[in-house]
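Numbering (the working numbering), first residue to last: 850 to 1094.
Where is the CB? At the ideal position from N, CA and C, for every residue including glycine.
Read the structure below first, then the notes.
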């Protein structure tokens, strides 16, 4: 599994110095980044800065409204060299009728991206597991076409919700397009912590990801305990030590 980093983690330093922050990530040892917006730049400008620093894109987050403009996102993806578009969050209004029902509405959009050669993934938080509206999040995966909507499993949020990350990786198998390597402090109010310092047992998780051929694992923290680049570096060093590249 290749190591990446979700750039939302570094949104503040990126806002101050986009190119300099990417240069710092390369110095840490990253070869991939996961995008969360373009920081006011064009996709071509982002791609040039990535190329200048020897970085590639492992995936990109886009809101649902943006994703509905398939042609625009496909064009951006081709410019950026990105093959995986990811829906990072939805509102309660969008899933209130049930998770299966939500996914059925999403499938045509996922198919549109698949037809253009891109993977369409859904990124979870904890609320998916904690809001068993008329149909559950587990049923969503059981009752939808396995080749359309893929999963970016956020292992930290799965743990916050009291679920087993290994079981979910195993359940979804080849539908797991990537994982978020978010550790969990054990305190929901201040859940972010650097990798290896929280309550998650990473050994069986990484073993299962390797077994199933999960291509990417992205470091991500909503609010870093230390300066963002410092917390990202410590987390990267932890996962490099576990054999990720």
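With residue 978 as the anchor, note down where its alpha helix (DSSP H) starts and where it stops.
From DSSP, the alpha helix (DSSP H) with residue 978 extends over 976-979.
When you compare the CB positions of residue 983 and residue 946, do they come within less than 8 Å of one another, or not?
yes
Which of the three DSSP states is assigned to residue 1084 in this structure?
helix
Below 8 Å on the Cβ atoms is my guess for residue 913 versus residue 972; work out the distance and round it to an integer in Å.
Rounded, the Cβ-Cβ distance is 12 Å, inconsistent with contact.
Taking only runs that begin and end inside the stretch 923-985, name each unbroken beta strand (DSSP E) of 3 or more residues, in chain order.
933-936, 968-972
Short check: CB of residue 987 to CB of residue 919, under 8 Å?
no
At 3 residues or longer, what runs of the beta strand (DSSP E) sit wholly inside the stretch 986-1020?
998-1003
Spatial distance of residue 993 from residue 953 (CA atoms)
7 Å
Who are residue 1065's beta bridge partners in DSSP?
851
Could you give the DSSP three-state label for residue 810: helix, strand or coil?
Outside the modelled stretch of the chain, which goes from 850 to 1094, sits residue 810, for which no answer is possible.
Which of helix, strand or coil does DSSP assign to residue 1048?
coil
In the structure shown, what three-state DSSP assignment does residue 874 receive?
helix
Using only CA atoms, which one of 1073, 878, 1033, 1092 lies nearest to residue 903?
Of the candidates 1073, 878, 1033, 1092, the residue whose Cα lies closest to the Cα of residue 903 is 878.
Please classify residue 883 as buried or exposed, where buried requires at least 16 neighbouring CB atoms within 10 angstroms.
Label assigned to residue 883: buried.
Those residues which DSSP pairs with residue 881 across a bridge:
905
How big is the Cα-Cα spacing for residue 1068 and residue 989?
26 Å
Assumed close pair residue 796, residue 923 - CB separation to whole angstroms, cut-off 8 Å:
Outside the displayed span of the chain (850 to 1094) sits residue 796, for which this structure offers no information.
Shortest alpha-carbon distance to residue 881 belongs to which of 915, 864, 931?
Nearest in C-alpha terms to residue 881, of all of 915, 864, 931, is 931.
Would you kindly work out how many angstroms separate the C-alpha atoms of residue 1062 and residue 921, rounded to a whole number?
30 Å
How many Å lie between residue 1007 and residue 901 at the Cα?
Distance between the alpha carbons of residue 1007 and residue 901 is about 36 Å.
Can you tell me the Cβ-Cβ gap for residue 1015 and residue 1054, rounded? I've got them flagged as a contact below 8 Å.
6 Å
Would you say residue 974 and residue 938 are within 8 Å of each other, going by their C-beta atoms?
yes
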